[in-house]
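S.K.:
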Amino acid sequence: DAVRRVLRVRMRLGEFDPPERLPWNGLTLDVVDSPAHRALARDVARQSIVLLQNRGGLLPLDPAALKRVAVIGPHADRITVNNYNGRFRDAVTALQGLRAALPPGCEISHSVGAPLDGRPHPWLKEDAPVVDAAVEKARAVEAAAAAEFAIVFVGTNQTIEHEGRDRKTLDLPAPQLDLVKAVVAVNPRTIVVLMSAGP
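Take 9 as the starting number for the sequence shown in the numbering used here and just add one per residue.
1. Hey, would you say residue 81 sits closer than 7 Å to residue 160, going by beta carbons?
2. Taking CB distances under 7 Å as the criterion, tell me whether residue 20 reaches chain D.
3. Buried or exposed: which applies to residue 56, given that a residue is buried once 16 or more other Cβ atoms fall within 10 Å of its Cβ?
4. Residue 11 lies in the alpha helix (DSSP H); which residues open and close that run?
5. Can you tell me the Cβ-Cβ gap for residue 117 and residue 151, rounded? I've got them flagged as a contact below 8 Å.
6. If you scan the region 20-86 from start to end, which runs of the beta strand (DSSP E) of 3 or more residues do you find wholly inside it?
7. How would you write the range of the alpha helix (DSSP H) that residue 106 sits in, first residue to last?
8. Determine, using beta carbons only, whether residue 162 and residue 180 come nearer to each other than 7 Å.
9. Return the Cβ separation of residue 157 and residue 77 in integer angstroms, given the expectation that the two are a contact with Cβ distance under 8 Å.
10. Using a Cβ-Cβ cutoff of less than 7 Å, which residues in the same chain neighbour residue 132 once the five nearest sequence positions on both sides are dropped?
11. When DSSP labels each residue in this structure, what does residue 151 get in the three-state scheme?
12. In three-state terms, what does DSSP make of residue 130?
13. Look up residue 142 in the DSSP assignment and say whether it is helix, strand or coil.
14. Measuring straight from C-alpha to C-alpha, what distance separates residue 73 and residue 154?
15. With a CB to CB cut of under 8 Å and the five nearest residues on each side skipped, what residues in its chain are close to residue 172?
16. Using CA coordinates, which residue listed in 149, 176, 124, 206 is at the minimum distance from residue 183?
17. Measuring CB to CB, does residue 87 end up less than 7 Å from residue 102?
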């Protein structure tokens, strides 16, 4: 069954057909990263977001009304990709996107808050910087307590999950889970965004 499903997709993609029969064989490189494709990618990204809970109708936020926001987490200011991503340019982190989207008068504080998983991974070039978990967590809690809203970006990267590396649990790494609990304890107006390197 699994082989049949894979082969069916490959057949539909035309992988076994002569090149001249493929409608996309004549495409030129000018369509790569074109404005139309970027717009489509943005629309697909929007539609792929899943809202798990919205306690008390916290979302959507009114950007014009925001005065102070704490942006927290190891994924707030980094691009996280998985094993099968293409090359991209002009990538924007969540922090950069929020700075661009929120009004100029809105104060944005940023803290890493926690390491991705607390373990070094020297073979991975994109490894997160080493952070002092206790110091970062204290900074994050302080920023969250002083803000109207806290937005915490947590999840995984290739150091935690990728092809050929199984996980024993689907829980967040302990430092990140502790961070979320500490931030929610001081600011119940907290939005948690899960960003992962895999499904």
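All C-beta atoms in this analysis are idealised placements derived from N, C-alpha and C, irrespective of residue type, glycine included.
The model shown is predicted, which means the values in this text are computed figures rather than measured ones.
M.R.: In short, the structure shows the following:
1. Taking the sequence shown and counting its residues from 1, one reaches residue 81 at position 73. Taking the sequence shown and counting its residues from 1, one reaches residue 160 at position 152. The answer is yes: Cβ separation under 7 Å.
2. The structure shown has no chain D; it contains just one protein chain.
3. Residue numbering aside, residue 56 sits at position 48 when the sequence shown is read from its first letter. Under this definition residue 56 is an exposed residue.
4. For the purposes of this step, residue 11 is taken as residue 3 along the sequence shown, with counting starting at 1. 10-21 is the span of the alpha helix (DSSP H), which, as asked, contains residue 11.
5. Here the question's residue 117 lines up with position 109 in the sequence shown. Here the question's residue 151 lines up with position 143 in the sequence shown. Their Cβ separation, rounded to whole angstroms, is 4 Å, which keeps residue 117 and residue 151 in contact under 8 Å.
6. 76-80
7. Translated into positions along the sequence shown, residue 106 becomes position 98. Looking at the DSSP string, the run of the alpha helix (DSSP H) that includes residue 106 is 102-109.
8. Taking the sequence shown and counting its residues from 1, one reaches residue 162 at position 154. Taking the sequence shown and counting its residues from 1, one reaches residue 180 at position 172. In contact: residue 162 and residue 180 (Cβ atoms closer than 7 Å).
9. One-based indexing of the sequence shown puts residue 157 at position 149. One-based indexing of the sequence shown puts residue 77 at position 69. The Cβ separation is near 5 Å, so the contact holds.
10. For the purposes of this step, residue 132 is taken as residue 124 along the sequence shown, with counting starting at 1. The predicted position of residue 132 is uncertain, since its pLDDT is 44 and thus under 50; a value taken from the coordinates is nonetheless stated next. Counting only Cβ-Cβ distances below 7 Å, and skipping sequence neighbours, we find 166, 167.
11. Start at 1 with the first residue of the sequence shown, and residue 151 comes out as number 143. Helix.
12. Translated into positions along the sequence shown, residue 130 becomes position 122. Here the model assigns residue 130 a pLDDT of 46, short of 50, so the residue's position is not dependable, and the following value carries that caveat. Coil.
13. For the purposes of this step, residue 142 is identified with residue 134 of the sequence shown, where counting begins at 1. Three-state DSSP puts residue 142 in a helix.
14. Along the sequence shown, one-based indexing puts residue 73 at 65. Along the sequence shown, one-based indexing puts residue 154 at 146. Using only the alpha carbons, I get a separation of about 16 Å.
15. Counting from 1 along the sequence shown, the entry for residue 172 is found at position 164. The answer is none, since no qualifying residue turns up.
16. Residue 183 sits at position 175 when you count from the first residue of the sequence shown. The shortest C-alpha separation from residue 183 is found at 124.
17. Within the sequence shown, the letter at position 79 stands for residue 87. Within the sequence shown, the letter at position 94 stands for residue 102. No; because the gap between Cβ atoms is not below 7 Å, this pair is not in contact.
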